[in-house]
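Just below is one structure, and these are the notes that go with it.
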Amino acid sequence: MPWIKLGLVLHTIAAGALTGAVTHLALVLWRARRGRPNPRLQRLYPAVALGCYAAVYSLGTLIYPRYRVAVRAEYLDEHAPAMAVLFDLKENLATLLGPLLLAAVVLSREEDPARPSRALLGCAAVVALGVWFNLVSGLLVASVRAV
Amino acid sequence: MSARARFATGVGTLAAGAVYLVMTTTRAGVLFYLPTRGTWTWSPPTGVIAMDWFARSNATLAAAALATWAAWRWAPSDPKRRARWSSRVWALGWTVLAWSAAYTAMWLVSRP
Numbered sequence: 001m002p003w004i005k006l007g008l009v010l011h012t013i014a015a016g017a018l019t020g021a022v023t024h025l026a027l028v029l030w031r032a033r034r035g036r037p038n039p040r041l042q043r044l045y046p047a048v049a050l051g052c053y054a055a056v057y058s059l060g061t062l063i064y065p066r067y068r069v070a071v072r073a074e075y076l077d078e079h080a081p082a083m084a085v086l087f088d089l090k091e092n093l094a095t096l097l098g099p100l101l102l103a104a105v106v107l108s109r110e111e112d113p114a115r116p117s118r119a120l121l122g123c124a125a126v127v128a129l130g131v132w133f134n135l136v137s138g139l140l141v142a143s144v145r146a147v
Numbered sequence: 001m002s003a004r005a006r007f008a009t010g011v012g013t014l015a016a017g018a019v020y021l022v023m024t025t026t027r028a029g030v031l032f033y034l035p036t037r038g039t040w041t042w043s044p045p046t047g048v049i050a051m052d053w054f055a056r057s058n059a060t061l062a063a064a065a066l067a068t069w070a071a072w073r074w075a076p077s078d079p080k081r082r083a084r085w086s087s088r089v090w091a092l093g094w095t096v097l098a099w100s101a102a103y104t105a106m107w108l109v110s111r112p
């Protein structure tokens, strides 16, 4: 089914953009807490990240049932069970990162850009680390039969 | 305003972590999707592929959004009290989220 492949490609592109946005957000906030704020980027990156998260989540939801039957049940469970576990871990971690991303968006809009709180920096840093883990995990699972 | 935001987002994070943990550990209120049949059910038959991720994930995200909105609206009016509760709620929220992630990892690794 070509639309499944298209969904997977778009899901991957959105995940890459999400990783970039949250990584930059964490770095910009880290600099702001050291006296070098950038108000424009501190408001831009959370909005971009939220849009990318919504895209990744929606596209992932559409292609997940196909993966569960045609990839996991028919191949991974028998030949690469560790990769099936890694994928499930990634999916559940993505869920847990959602509330932290929402918190980062709200806090970045309400706080003084020159004095971001530790809660905001913590949310951005944890989401960035989690999204990097998910990006690498997704790449590993998708490459099981590739290389 | 930022103290109110910290309180509200802390409550949202705590609520999301709690909903996720309860739905993962007890399977309470979990609606399963059967991808081979294209149907939803509260009690999946044995031997059929059933996905609980959709219900758990959507409930977690909805809890975060609703609790953040509610806590924003009904946050304590006293700034000192709000700041004190923000720290507590955030500490609890981080703990529940961390425990949820650890529990999920242990559950998935030990799954037969």
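Just so you know, the protein sequences line up as chains A and B, in that order.
Residue numbering for the first sequence follows our numbering, beginning at 1 and increasing consecutively.
Residue numbering for the second sequence follows our numbering, beginning at 1 and increasing consecutively.
Don't be surprised by glycine CBs; every beta carbon is placed ideally from N, CA and C.
All values reported here derive from a predicted model rather than from experimental measurement.
- The Cβ atoms of residue 99 of chain A and residue 32 of chain A lie no closer than 8 Å to each other.
- The closest CA to that of residue 51 of chain A, considering only A/20, A/122, A/115 and A/4, is found on A/20.
- Between the region 36 to 48 of chain B and the region 59 to 79 of chain B there are fewer than three C-beta pairs closer than 8 Å, too few to call the two in contact.
- Sorting B/108, B/99 and B/56 by C-alpha distance to the C-alpha of residue 19 of chain B places B/56 at the top.
- The contact set of residue 117 of chain A on chain B, defined by CB atoms closer than 8 Å, consists of 2 and 6 in chain order.
- Around the CB of residue 39 of chain B, fewer than 16 other CB atoms lie within 10 Å, so the residue is classed as exposed.
- Along the region 93 to 110 of chain B, the positions whose C-beta sits under 7 Å from a C-beta of chain A are 97, 100, 101, 104, 105, 108 and 109, read in chain order.
- When the five nearest sequence neighbours on each side are left out, the beta carbons in the same chain lying within less than 6 Å of the beta carbon of residue 13 of chain B are those of 93, in order along the chain.
- Residue pairing from DSSP places residue 32 of chain B in a beta bridge opposite B/41.
- Proximity of chain A to residue 35 of chain B at the Cβ level (cut-off 7 Å) is accounted for by 65, 68 and 69, in chain order.
- A residue is called buried once 16 or more other Cβ atoms fall within 10 Å of its Cβ, and residue 91 of chain A is buried on that count.
- When 9 Å is used as the limit between beta carbons, residue 61 of chain B is near these residues of chain A: 57, 95, 98, 99 and 102, in chain order.
- In this structure, residue 65 of chain A lies near residue 35 of chain B, with their beta-carbon atoms less than 8 Å apart.
- Counting only unbroken stretches of 3 or more residues, no beta strand (DSSP E) element lies wholly within the region 66 to 95 of chain A.
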